[in-house]
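Numbering (this note's numbering), first residue to last: 4 to 426. Even glycine gets a Cβ: it sits at the ideal position worked out from N, Cα and C.
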Amino acid sequence: MLDIKVLRQEPERIKEALKKRFNPLDIEPAIELDKQRRAILAEVEQKKAKQNEITKQIPQMKKNGENTDQIFAEMKELSNDIKADDEKVRDIDEQLRNFMLRIPNIPNPEVPVGKDDTENVELRKFSEPRKFDFEPKAHWDIGTDLDILDFERGTKIAGTRFTVYKGLGARLERAVIQFFLNTHTEESGYTEIFPPYMVNRASMTGTGQLPKFEEDAFKVVNNGFFLIPTAEVPVTNLHRDEILSGDQLPIKYTAYSACFRAEAGSAGRDTRGLIRQHQFNKVELVKFVKPETSYDELEKLTNDAEKLLQKLGLAYRVVCLSTGDLGFSSAKTYDIEVWMPSYGRYVEISSCSNFEDYQARRANIKYKETPKDKAQFVHTLNGSGLAVGRTVAAILENYQNEDGTVTVPEVLVPYMGTDKISK
4 MLDIKVLRQE
14 PERIKEALKK
24 RFNPLDIEPA
34 IELDKQRRAI
44 LAEVEQKKAK
54 QNEITKQIPQ
64 MKKNGENTDQ
74 IFAEMKELSN
84 DIKADDEKVR
94 DIDEQLRNFM
104 LRIPNIPNPE
114 VPVGKDDTEN
124 VELRKFSEPR
134 KFDFEPKAHW
144 DIGTDLDILD
154 FERGTKIAGT
164 RFTVYKGLGA
174 RLERAVIQFF
184 LNTHTEESGY
194 TEIFPPYMVN
204 RASMTGTGQL
214 PKFEEDAFKV
224 VNNGFFLIPT
234 AEVPVTNLHR
244 DEILSGDQLP
254 IKYTAYSACF
264 RAEAGSAGRD
274 TRGLIRQHQF
284 NKVELVKFVK
294 PETSYDELEK
304 LTNDAEKLLQ
314 KLGLAYRVVC
324 LSTGDLGFSS
334 AKTYDIEVWM
344 PSYGRYVEIS
354 SCSNFEDYQA
364 RRANIKYKET
374 PKDKAQFVHT
384 LNGSGLAVGR
394 TVAAILENYQ
404 NEDGTVTVPE
414 VLVPYMGTDK
424 ISK
């Protein structure tokens, strides 16, 4: 959520940001609400001042034997007026907060202006895509032929966009998760978290999933819980409504979780395979940092995610998202895209974002440099480190052999107990 002072003092800055995002939201109603609120508060202050003035007169009036009935009636009227005004302010505050929750973050000035993902800017590549001397198969065919992925039974059990992992397929998924977590905790200094898979509305609002993306969330009927779309939600909310100390920062967490997404609006996209599922596994990276270091920390977080693909020997590229493709809560995002032979293109496997104080303001996460200092909002960052199912898909496609087997990447052999997946 943006600071109300920005709306009040720099409305043109927000309008320009919305224009860059190609977002048609009109902020004039919010500006008008804020004006109404401040006008009422000014009236309340005047009425309270009058109350104080009258209160000072009462002792002398009583001492002089004057009738105080009228002045007490005036006091009662002022008190009732103030209560009514306070109720108006509470109502406006709620309307204003609900409106502010709908305003996306302001893009960092370095973010390229563009309408959609076609105007994202490529920053760098790692390795060259493998050249095959045979016709490579798609991961869904590889998995089916090796009997390690069962899409038909996943559909029978739950519906479309669900998959059953079997045998070495299940072991590969588990191996990738363990490899990711070990690398993040042992080499990059992250603390592992294993969070709840269900969260409350306050948690979803704190990270920016609500209210805008409610239709894409799975809600548990009758109790108000939501299945998490990413571990970012519970992990960021670990410190909701807390004041951290400066010497605690940066805080670095990594978390494995299942993720649940309705994928509303994605009908017909990536309908086969593991790329777009209603339930999938992901390892997440979350940071709480001081504002002055947040962009350096974004580079480090992105490098931590890249390191995994480098160790796996998978070709990838890093792109900076344009303003039109930028996530709702993000000020700047790098996407890491892995090469997928079946698509003939790079496919997103991680998004690494700096939210600046946008999430911290919604979730009320602050820090003090010293106990005597005024509390200020932290900056939050997060990134996929990495999407597990997409990593499995990339391994199957890029490490497939002509005889139908799949070579296990060297770094995963200790976790797999074998160097080859065969039927």
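query                                                                                                                             : result
Beta carbon proximity, Arg348 to chain C, threshold 9 Å                                                                           : The chain labelled as chain C is not found in the depicted structure, where only one protein chain is given.
Rounded straight-line distance, which links the Cα of Ala173 to that of Leu399                                                    : 13 Å
Contacts around Ile278, its chain only, beta-carbon distance under 7 Å, and the 5 residues preceding and following it disregarded : Val350, Arg393, Ala396
Ser248, enclosing alpha helix (DSSP H) - first and last residue                                                                   : Ser248 -> not in any alpha helix (DSSP H); beta strand (DSSP E) instead, spanning 245–248.
Tyr402 versus Glu13 - alpha carbon distance                                                                                       : 53 Å
Identity of the residues DSSP links to Ile85 by a beta bridge                                                                     : According to DSSP, Ile85 bridges with nothing at all.
Inter-residue Cα distance where the pair is Tyr256 and Gly347                                                                     : 34 Å
Stretch pair the region 96–108 + the region 30–38: three plus CB contacts closer than 8 Å                                         : yes
Rounded C-alpha distance that separates Val223 from Ala363                                                                        : 26 Å
Beta-carbon proximity check, Val341 vs Leu317, cutoff 9 Å                                                                         : yes
Cut-off 7 Å between Cβ atoms - residues of its own chain near Asp244, not counting five sequence neighbours on either side        : Asn367
Beta-ladder partner(s) of Trp342, from DSSP                                                                                       : Tyr349
Given Leu184 as reference, the closest of Leu288, Glu19, Val114, Val116 once Cα atoms are compared                                : Leu288
Sequence-distant residues of its chain with Cβ nearer than 7 Å to Leu213 (five each side left out)                                : Arg204, Met207
For Gly407, the three-state DSSP class (helix, strand or coil)                                                                    : coil
Option nearest Pro199 by Cα separation, candidates Ile180, Leu241, Val322, Glu217                                                 : Leu241
Check whether Val292 and Ile254 have beta carbons under 9 Å apart                                                                 : yes
Beta strand (DSSP E) runs wholly inside the region 77–159, at least 3 long, in chain order                                        : 124–129
Assigned exposure category for Leu79 - 16 Cβ within 10 Å defines buried                                                           : Note that residue 79 corresponds to Lys in the displayed sequence, not to Leu. It counts as exposed.
Reference Val322, options Leu126, Lys377, Arg100, closest by Cα                                                                   : Leu126
Nearest residue (CA-CA) to Thr239, options Gly211, Ser248, Phe216, Asn225                                                         : Gly211
Cβ contact (3+ pairs, closer than 8 Å) linking the region 405–422 and the region 303–319                                          : yes
Inter-stretch contact (C-beta, 8 Å, three-pair minimum) for the region 35–42 and the region 82–96                                 : yes
Sheet register partners of Thr383 (DSSP bridge)                                                                                   : Phe291
Cutoff 6 Å; reference Glu122; Cβ partners in own chain excluding five residues on either side                                     : Ser325
Environment of Ile160 [buried if 16+ CB atoms lie within 10 Å]                                                                    : exposed
Beta-carbon proximity check, Phe221 vs Arg264, cutoff 9 Å                                                                         : yes
Residues that Arg320 bridges to, as DSSP identifies them                                                                          : Lys128, Glu340
Reference Lys303, options Ser356, Ile196, Asp273, closest by Cα                                                                   : Ser356
Tyr193, DSSP secondary structure in three states                                                                                  : coil
Exposure label - Lys335; buried when at least 16 CB within 10 Å                                                                   : buried
Enclosing alpha helix (DSSP H) for Ser206 [first to last residue]                                                                 : 204–210
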